[in-house]
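S.K.: Going by our numbering, the sequence shown opens with residue 5, and the numbers climb by one from there.
All residues carry an ideal CB built from backbone N, CA and C; glycine is no exception.
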Amino acid sequence: MPTAVVTGASSGIGAEYARQLASIGYDIALVGRHESALESVADEVRAFGRRAEVMVADLTDGDDLEFVTDRVRGRDVSLLVNNAGSGTPGRFVRSAPQVEQDMLDLNVSALMRLCHAALPGMLQRNRGSIINVSSVAAYTPSDTGPGYAASKAYVATFTESLAVAVHGTPLRVLCVFPGYVRTAFHPRLGMDTSWIPSWAWLTPEQVVTESLQDLRRGRTRSVPTARYKVAMTLARITPRPLLRRILASAGKVTTRA
Ligand SMILES: NC(=O)c1ccc[n+]([C@@H]2O[C@H](COP(=O)([O-])OP(=O)(O)OC[C@H]3O[C@@H](n4cnc5c(N)ncnc54)[C@H](OP(=O)(O)O)[C@@H]3O)[C@@H](O)[C@H]2O)c1
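Laid out in C-alpha cells, this is it:
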C-alpha cells in the first residue's frame, strides 16, 4: 500500500491531510511532537482501514530529524507532505533569537532535509509526490513576522525549483499557499485575530481538498479558494513600494505588539 508521511499531523491542516489521504487509500506515517494528539488522528486513519504509524519527533532536533529522514527514505513512501510549521509571536525586534532560529529550523531546514531524503528513492522508483505547505505570507512582507514570511518564500522558491528539477519525470511537486486557516496556529502564538474578517478564514478541509485536486491535475502551485487566488495575484502584481506602504499601514491598525 502507498504510504504518505505527513509532518505536523497532530492538528490543523496536517491532521486533515492524514484523514483525506487515508480516505483515498494511503497508509499514513504521522509526525509531530505530541503523542496523544497524533494517536487520536491515527485512530481516525485506522477507522478508514488504513495503517497508521505514529512518529513522535521534534523536527528542530537533529536526532529526531534523522529518525524521520530515515523513514522518508523507505521504499513504500510515495507521498511526503511537509506541513509542520510555526510562526513567531509579536514583532521581530522583541522576539527571542532562539525562537526565530527554531522557526527557521522547522519551516526551512527540516523541510529541505526531508525533500532531500525523499527524492532520490522517488526518482529511482519513478514514482512519488511531495507537497510543501507555504503561505500567502510568502508574498506579503510583514512587520510582525519577517522571519516567517521569508521562511515561506523559501518554501515557495525551493518547491518551484524542485518542480523544475523533476520536470519530465512522473514525479509531482506541489507548493500550497493557504490564507488564514482556522487551526491552532494563531492561538499557539497568542495572536489577536479578532480584526480578521470572517470571510477571510478558510477551513483545513478547503485547503486540503483543493490542494489534493491540484496535485492530481499535475499543478505546481495551489492557492485554495478564488478569493485567495485574487489576493495572491494582487500581491504579486502590486508594485513593491506600494505593497509595503499598504502593509505598513495595515500593520499599524492590526497589531499593537
Ligand atoms: N493557519 C493558518 O492560517 C496558516 C496559513 C498559512 C500557512 N499555514 C501553514 O500551515 C502549516 C500547518 O499549520 P496549521 O495551521 O495546521 O497549524 P497547527 O494546527 O498549529 O499545526 C502545526 C503542526 O506542526 C507541528 N509542529 C509544530 N512544531 C513542530 C516541531 N518542532 N516538530 C514537529 N512538528 C511540529 C504541530 O504538531 P506538534 O505540536 O504535535 O508538534 C502541528 O501538528 C504550517 O506550515 C503553517 O505555517 C497556516
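Would Val140 pass as a contact of Gly183 if the rule is Cβ separation under 7 Å?
M.R.: Cβ atoms of Val140 and Gly183: closer than 7 Å.
S.K.: Indicate whether Ala22 and Leu34 have their beta-carbon atoms separated by less than 7 Å.
M.R.: Against a cut-off of 7 Å, the Cβ pair of Leu34 and Ala22 comes out as a contact.
S.K.: Report buried or exposed for Val257, applying the criterion of at least 16 other Cβ atoms within 10 angstroms of its Cβ.
M.R.: Confidence at Val257 is low in this model, with a pLDDT of 44, below 50, so the placement of that residue should be treated as unreliable; the coordinate-derived value is given next. Exposed: under 16 other Cβ atoms inside 10 Å.
S.K.: Per DSSP, Asn136 is paired with what?
M.R.: According to DSSP, which records beta bridges pairwise, Asn136 is partnered with Asn86 and Cys179.
S.K.: For Met5, count neighbouring C-beta atoms within 10 Å of its own C-beta (all shown protein chains included) and say buried if the count is 16 or more, exposed if not.
M.R.: With fewer than 16 Cβ atoms within 10 Å of its Cβ, Met5 is classed as exposed.
S.K.: Assuming Ala88 and Gly18 make a contact with CB atoms under 8 Å, what is their CB distance in whole Å?
M.R.: Their Cβ separation, rounded to whole angstroms, is 7 Å, which keeps Ala88 and Gly18 in contact under 8 Å.
S.K.: Taking its Cβ as the centre, do 16 or more other Cβ atoms sit within 10 Å of Ala56, making it buried, or is it exposed?
M.R.: Classification for Ala56: buried.
S.K.: Taking the beta strand (DSSP E) that Gly91 belongs to, which residues open and close that run?
M.R.: Per DSSP, Gly91 belongs to no beta strand (DSSP E) and is neither H nor E.
S.K.: Counting C-beta neighbours from all protein chains within 10 Å, is the total for Glu20 16 or more, i.e. buried, or is it exposed?
M.R.: It is buried - the Cβ of Glu20 has at least 16 other Cβ atoms within 10 Å.
S.K.: Do you know offhand how far Thr11's Cα is from Pro243's?
M.R.: The straight-line gap from Cα to Cα measures roughly 35 Å.
S.K.: Can you give me the start and stop residues for the alpha helix (DSSP H) that Val212 sits inside?
M.R.: Where Val212 is concerned, the enclosing alpha helix (DSSP H) stretches over Pro208 to Arg220.
S.K.: Please report the Cβ distance between Ala8 and Thr64, rounded to the nearest whole angstrom; I am assuming they are in contact, meaning their Cβ atoms lie under 8 Å.
M.R.: That pair is no contact at about 22 Å.
S.K.: Could you check where the beta strand (DSSP E) with Ile32 kicks off and where it finishes?
M.R.: Residues Asp31 to Gly36.
S.K.: Once the 5 residues before and after Ile250 are set aside, which same chain residues still bring their CB inside 6 Å of it?
M.R.: Here the set comprises nothing.
S.K.: Return the chain-ordered ranges of every alpha helix (DSSP H) run that is complete within the segment 100-157 and spans a minimum of 4 residues.
M.R.: Listed in chain order, they are 101-108 and 115-129.
S.K.: Can we count Ala121 as close to ligand 1, meaning its CB is less than 6 Å from some heavy atom?
M.R.: Outside the cutoff, so no.
S.K.: Taking DSSP's pairing of strands, which residues face Val76 in a bridge?
M.R.: Val76 pairs with nothing; no bridge assigned.
S.K.: Helix or strand or just coil, what does DSSP make of Ala61?
M.R.: In this structure, Ala61 counts as coil in the three-state DSSP scheme.
S.K.: Here's the rule: buried if 16 or more other CB atoms are within 10 angstroms of the residue's CB, otherwise exposed. What is Asp31?
M.R.: Looking at its Cβ environment, which holds 16 or more other Cβ atoms inside 10 Å, Asp31 is buried.
S.K.: Flag Arg15 as yes when its Cβ comes closer than 6 Å to any non-hydrogen atom of ligand 1, and as no otherwise.
M.R.: Per the sequence presented here, residue 15 reads as Ser, with Arg not at that position. Correct: Ser15 has its Cβ closer than 6 Å to ligand 1.
S.K.: Please report the distance separating the alpha-carbon of Thr73 from that of Ala122.
M.R.: Their Cα atoms are separated by approximately 8 Å.
S.K.: Would you say the beta carbon of Ser113 is closer than 6 Å to some non-hydrogen atom of ligand 1?
M.R.: No, Cβ of Ser113 sits at least 6 Å from all heavy atoms of ligand 1.
S.K.: Less than 7 Å separating the beta-carbons of Gly36 and Arg77?
M.R.: Contact: no.
S.K.: In angstroms, rounded to a whole number, what distance separates the CA positions of Arg260 and Ala51?
M.R.: With a pLDDT of only 38 at Arg260, under 50, the local geometry of the prediction cannot be trusted, and the value read off the model is given with reservation. Taking the straight line from one Cα to the other gives about 45 Å.
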